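Student: First the structure, which I've put down as structure tokens, then a few questions once you've had a look.
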Amino acid sequence: MTGNKKAIASYVPDFMKAFDHILIHAGGKAVIDAMAKNLKLNHHVMEPARMVLHRFGNTSSSLVFYELAYLEGKRSIREGDRVWMLAFGTGFKACSIVLRALKDSSLESDNPWIHCIHRYPVN
436 MTGNKKAIAS
446 YVPDFMKAFD
456 HILIHAGGKA
466 VIDAMAKNLK
476 LNHHVMEPAR
486 MVLHRFGNTS
496 SSLVFYELAY
506 LEGKRSIREG
516 DRVWMLAFGT
526 GFKACSIVLR
536 ALKDSSLESD
546 NPWIHCIHRY
556 PVN
């Protein structure tokens, strides 16, 4: 061995080829930033996580459902869309689920964003 070690780039798939929306447990700004960087997700994909953290703070794993409601409020989900939800806990705890939209989204009267969705996104 010569002692010259070459850095090996890790492979990160393009998750947006498999999913239309990715909802990540937004435990804090650092979590959102790290997930965006490591999974190579753009600002638009991370918008629901950032807006939920802004409005509700860290509500534990229920954040992903507030993110789903955000997308529904923005009418961003279309019939057939694939939604990947990821939530994390302490230690090695993680949970993931893929949902497929049965219909186009709409802003229902029980949506937690109904009275303020027009004010989002914020910077």
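Its first residue numbered 436, the sequence shown is counted upward by one per residue in the working numbering.
All residues carry an ideal CB built from backbone N, CA and C; glycine is no exception.
Small disclaimer: the values here were computed from a predicted structure and weren't measured.
#1: Which partner residues of Cys530 appear in the DSSP bridge assignment?
#2: Is the number of C-beta pairs between the segment 503-516 and the segment 465-475 that are closer than 8 Å three or more?
#3: Could you tell me which residues DSSP puts in a beta bridge with Ile443?
#4: For Val499 and Met481, which I take to be in contact (beta-carbon distance under 8 Å), what is that distance rounded to the nearest angstrom?
#5: Here's a check: name, in chain order, each residue in its chain whose Cβ is nearer than 8 Å to the Cβ of Lys452, leaving out the five neighbours to either side.
#6: Which whole-angstrom value is the C-beta distance of Asp516 and His553, which I expect to be below 8 Å?
#7: Using 8 Å for Cβ pairs, my map puts Phe523 next to Gly462. What's the rounded Cβ distance?
#8: Since Val560 and Lys475 should fall inside the 8 Å C-beta cutoff, what is the C-beta to C-beta distance between them, to a whole number of angstroms?
#9: My assumption, with CB atoms under 8 Å, is that Asp539 sits in contact with Arg513. Please give the rounded CB distance.
#10: So, Ser496 versus His460, is the Cβ gap smaller than 8 Å?
#11: First and last residue of the alpha helix (DSSP H) that includes His479?
#12: Please report the straight-line C-alpha distance between Leu542 and His478, rounded to a whole angstrom.
Tutor: For this structure:
#1: Per DSSP, Ala522.
#2: Judged by Cβ distances under 8 Å, the segment 503-516 makes no contact with the segment 465-475, as fewer than three pairs qualify.
#3: Ile443 pairs with nothing; no bridge assigned.
#4: Their Cβ separation, rounded to whole angstroms, is 13 Å, which puts Val499 and Met481 out of contact at 8 Å.
#5: Nothing meets the Cβ criterion.
#6: Not quite, the Cβ-Cβ distance comes to about 22 Å (not below 8 Å), so this is no contact.
#7: Indeed they touch by this definition, with Cβ atoms about 7 Å apart.
#8: Limits of the chain in this structure are 436 at one end and 558 at the other, which puts residue 560 out of reach.
#9: Contact between Asp539 and Arg513 holds: their C-beta atoms lie close to 5 Å from each other, under 8 Å.
#10: Yes, the Cβ-Cβ distance between Ser496 and His460 is below 8 Å.
#11: Per DSSP, His479 belongs to the alpha helix (DSSP H) from 478-491.
#12: Distance between the alpha carbons of Leu542 and His478: 23 Å.
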